[in-house]
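Notes for the one structure printed next.
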Amino acid sequence: MTPAEFATAAEAHRAYLMRVAVLQLRDRDTAADVVQDTLVAALAGQASFTGRSTLKTWLTGILKHKIVDAIRQRQRQPVALATLGDELDLDDFDSLFNDRGAWDEPPADWGDPESALGRGQFISILDLCLDRLPPNTARVFVMREVMELESDEICKELAITANNLWVILYRARMSLRMCLEQNGFTGAA
Amino acid sequence: MSCKQASRLISQQEDFPLPGWKRLLLRLHLAACDGCTRFARQIAVLREAMARYRT
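One line per chain: the protein sequences are A and B, in this order. First residue of the first sequence: -11, per the working numbering; consecutive thereafter. First residue of the second sequence: 474, per the working numbering; consecutive thereafter.
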């Protein structure tokens, strides 16, 4: 691939990189800078792209480091527990269970991942649902599921406990599955 | 184990290894509970969805 072709290919992922950066950093200006730095670094490092992963994955890897740098430049703002507030609340999902702790309404059968994700539009519905997550929850979920950081790395980076982490991720997953179902992502074949 | 507890463990095990006895209790619950089995599958779909989101 010529540098020009590579640049075009990388640029095509700008919107995706922005979505991820904004979910992580919450500040669009910083996110835009980080994405720009990422694309610049990608072009400079074209030689090191072996094609063993997809371009998107490779770019995500560079983005991850740039985001971590940006967070560190902000003095690695640990998430103050006070700001987590509602985002640590387990009770929000109590209404899904009856007083014996059983499902009030059993979860729908989404089938296996292959068929479930084969139904169109799931990325745009997923995007919509990710946007609806509260800020700290989104940040943590993206660190785990997009940046693929290990749990202890996330706890260290954000100065939260393992307990905080599982609660936040539980809330994220519970919210996302509910949102996905509400927006037409069902097991209906 | 209630479904509420099971749902928490199903999520937790994505990120932290569960101690053996909790894993066993969860397995036993899942063997008897369609709802939680479906929930576990939803979590697996969500995980796969995120994998596709980033690749």
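Beta carbons: idealized from backbone N, C-alpha and C, even for Gly. Quick caveat, the model's predicted, so the values are computed rather than measured.
What's the call for L497 (chain B), buried or exposed, on a 16-neighbour Cβ count within 10 Å?
With fewer than 16 other Cβ atoms within 10 Å, it is exposed.
Along chain A, which residues have their Cβ under 7 Å away from the Cβ of L519 (chain B)?
Here the neighbours are R161, L164 and R165.
By how many angstroms is the C-alpha of A19 (chain A) removed from the C-alpha of A(-3) (chain A)?
Computed Cα separation, rounded: 20 Å.
Within 8 Å (strictly less), CB to CB, does S83 (chain A) reach chain B?
Not one chain B Cβ lies under 8 Å of S83 (chain A).
Please classify K163 (chain A) as buried or exposed, where buried requires at least 16 neighbouring CB atoms within 10 angstroms.
Note on residue identity: the sequence assigns Ser, not Lys, to residue 163 (chain A). S163 (chain A) comes out buried.
Can you look up W98 (chain A) in the DSSP assignment and give me helix, strand or coil?
If DSSP states are grouped into helix, strand and coil, W98 (chain A) belongs with coil.
Please return the same chain residues whose Cβ sits closer than 6 Å to the Cβ of G73 (chain A), not counting the five positions on each side in sequence.
Taken in chain order, the list of residues that qualify is empty.
Got a sec, what are the start and stop residues for the alpha helix (DSSP H) I266 (chain A) sits in?
Given that chain A is displayed from residue -11 to residue 177, the structure contains no residue 266 (chain A) and the question cannot be resolved.
Can A32 (chain A) be considered in contact with the ligand NAD, in the sense that its beta carbon sits closer than 7 Å to one or more heavy atoms?
Among the ligands in the structure shown, none appear at all, so the ligand NAD cannot be discussed.
Which stretch, first to last residue, makes up the alpha helix (DSSP H) that contains A524 (chain B)?
Element bounds for A524 (chain B): D507 to R527.
For my contact list, D488 (chain B) and S139 (chain A) are in at a C-beta cut-off of 8 Å; report their separation, rounded to the angstrom.
5 Å between Cβ atoms; contact.
Determine the chain B residues that contact A19 (chain A) at a beta-carbon separation under 7 Å, and present them in chain order.
The premise fails here: A19 (chain A) is roughly 16 Å from chain B at the closest Cβ pair, so nothing lies under 7 Å.
Mind reading off the beta-carbon distance from R9 (chain A) to L31 (chain A)? Whole number of angstroms is fine, and I expect it under 8 Å.
Strictly speaking, residue 9 (chain A) in this sequence is Ala, with Arg absent from that position. That belief does not hold up - the Cβ atoms of A9 (chain A) and L31 (chain A) are roughly 18 Å apart, past 8 Å.
Could you check whether the stretch 501 to 515 of chain B touches the stretch 139 to 156 of chain A, counting it as contact only if at least three pairs of C-beta atoms, one from each stretch, sit closer than 8 Å?
As far as the Cβ criterion goes, the stretch 501 to 515 of chain B does not touch the stretch 139 to 156 of chain A, which means the pair count is below three.
Are there 16 or more other CB atoms within 10 angstroms of the CB of L116 (chain A), so buried, or fewer, so exposed?
Exposed, since its Cβ has fewer than 16 Cβ neighbours within 10 Å.
How long is the line joining the alpha carbons of A177 (chain A) and P101 (chain A), rounded to whole angstroms?
With a pLDDT of 45 at A177 (chain A), under the threshold of 50, the predicted position of this residue should be treated as unreliable, though the coordinate-derived value follows. Those two C-alpha atoms are separated by around 13 Å.
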